[in-house]
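S.K.:
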Amino acid sequence: MLISKENITSIIPQRAPFVMIDSLLDANETGFNTEFKITADNLFLDNGILSESSLIENIAQTCAAGFGYLNSLIEGGEPKLGFIGAVTQVQVIESAKLNDVIETAVQILSTFDTIHLVEGTAKSNGTVLLSCQMKIVLA
38 MLISKENITS
48 IIPQRAPFVM
58 IDSLLDANET
68 GFNTEFKITA
78 DNLFLDNGIL
88 SESSLIENIA
98 QTCAAGFGYL
108 NSLIEGGEPK
118 LGFIGAVTQV
128 QVIESAKLND
138 VIETAVQILS
148 TFDTIHLVEG
158 TAKSNGTVLL
168 SCQMKIVLA
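At position 49 of the sequence shown (counting the first as 1) the number is 86 in our numbering, and the numbers step up by one without a gap.
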């Protein structure tokens, strides 16, 4: 683990109650991995089921954490803001539930200057919940 739950906001711009990742497990020039446990106080939880849009946000925050961590190694200081330019190829397979642990993997497919095309997959207990591609622009 690279960054624990207690320190995750040092590398992402999101703040409670909108933080959708607990820890950054791995980050390198090809991709990032995070974990997130769904707790009862999650704003996106309805009748014990997590909304699909929150899994997309989880993937976006995995990108923020990964790029934030890598940038902190190079530049130090505050994490850079990023913007989602597009979300495509969304596949919703299964819903996440209260107390599930979401393991998210993001692979960087291509980079042009500050624009990154990534593919993200959110899983729980080895089962794919959602996958998508995103264009992320770092400010």
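Backbone N, C-alpha and C fix where the C-beta goes; we use that ideal spot for every residue, glycine too. Keep in mind it's a predicted model, so treat the numbers as computed, not measured.
Taking C-alpha atoms, which residue in Gln126, Asn44, Ala176 and Leu146 lies nearest to Phe69?
M.R.: Sequence index remark: in the sequence shown, residue 69 carries index 32 (1-based). Comparing Cα positions, the closest option is Leu146.
S.K.: Can you tell me which residues form a DSSP beta bridge with Asp63?
M.R.: Position 26 of the sequence shown, counted from the start, is the residue given in the question as residue 63. Asp63 is bridged to Asn70.
S.K.: Would you mind giving the Cβ-Cβ distance between Leu154 and Val129, rounded to the nearest angstrom? I have them listed as a contact below 8 Å.
M.R.: Taking the first residue of the sequence shown as 1, we reach residue 154 at position 117. Taking the first residue of the sequence shown as 1, we reach residue 129 at position 92. Leu154 to Val129, Cβ: 20 Å. No contact.
S.K.: Where does Lys42 sit, in a helix, a strand or coil, going by DSSP?
M.R.: Taking the first residue of the sequence shown as position 1, residue 42 is located at position 5. The answer is helix: DSSP assigns Lys42 an H, G or I state.
S.K.: From Ala133 to Ile173, what distance separates their C-alpha atoms?
M.R.: Translated into the one-based positions of the sequence shown, residue 133 becomes position 96. Translated into the one-based positions of the sequence shown, residue 173 becomes position 136. Straight-line Cα distance between these residues: approximately 24 Å.
S.K.: Starting from Thr125, follow the beta strand (DSSP E) in both directions and report where the run begins and ends.
M.R.: What you label residue 125 is simply residue 88 of the sequence shown in a count that begins at 1. Looking at the DSSP string, the run of the beta strand (DSSP E) that includes Thr125 is Gly119 to Val129.
S.K.: May I have the straight-line CA-CA distance separating Arg52 from Leu118, to the nearest angstrom?
M.R.: Working through the sequence shown from its first residue, we reach residue 52 at position 15. Working through the sequence shown from its first residue, we reach residue 118 at position 81. Roughly 13 Å separates the two Cα atoms.
S.K.: Roughly how far, in whole angstroms, is the beta-carbon of Asp63 from the beta-carbon of Glu72, given that I think they are within contact range, below 8 Å?
M.R.: Here residue 63 is taken as the residue at index 26 of the sequence shown, counted from 1. Here residue 72 is taken as the residue at index 35 of the sequence shown, counted from 1. Not confirmed; about 11 Å, so no contact.
S.K.: Out of curiosity, what's the CA-to-CA distance linking Ser109 and Leu87?
M.R.: The count along the sequence shown starts at 1 and reaches residue 109 at position 72. The count along the sequence shown starts at 1 and reaches residue 87 at position 50. Cα to Cα, Ser109 sits roughly 31 Å from Leu87.
S.K.: Under 8 Å, do Asn136 and Ile75 count as touching if we go by C-beta distance?
M.R.: Numbered from its first residue, the sequence shown carries residue 136 at position 99. Numbered from its first residue, the sequence shown carries residue 75 at position 38. Their beta carbons are under 8 Å apart, which means Asn136 touches Ile75 by this criterion.
S.K.: Could you please give the first and the last residue of the uninterrupted beta strand (DSSP E) stretch that includes Gly157?
M.R.: Along the sequence shown, read from residue 1 onward, the residue named residue 157 stands at position 120. Taken as a continuous stretch (DSSP letters only), the beta strand (DSSP E) holding Gly157 covers Ile152 to Ser161.
S.K.: Please report the Cβ distance between Ile49 and Gly113, rounded to the nearest whole angstrom; I am assuming they are in contact, meaning their Cβ atoms lie under 8 Å.
M.R.: Here residue 49 corresponds to residue number 12 of the sequence shown, with the count starting at 1. Here residue 113 corresponds to residue number 76 of the sequence shown, with the count starting at 1. The Cβ separation is near 16 Å, so there is no contact.
S.K.: If you draw a straight line from the C-alpha of Ala77 to the C-alpha of Ala176, how long is it?
M.R.: Indexing the sequence shown from 1 puts residue 77 at position 40. Indexing the sequence shown from 1 puts residue 176 at position 139. When rounded, the distance between both Cα atoms is 34 Å.
S.K.: According to DSSP, what are the bridge partners of Phe149?
M.R.: On the sequence shown, residue 149 is found 112 positions in, with the first residue counted as 1. Phe149 is bridged to Ile152.
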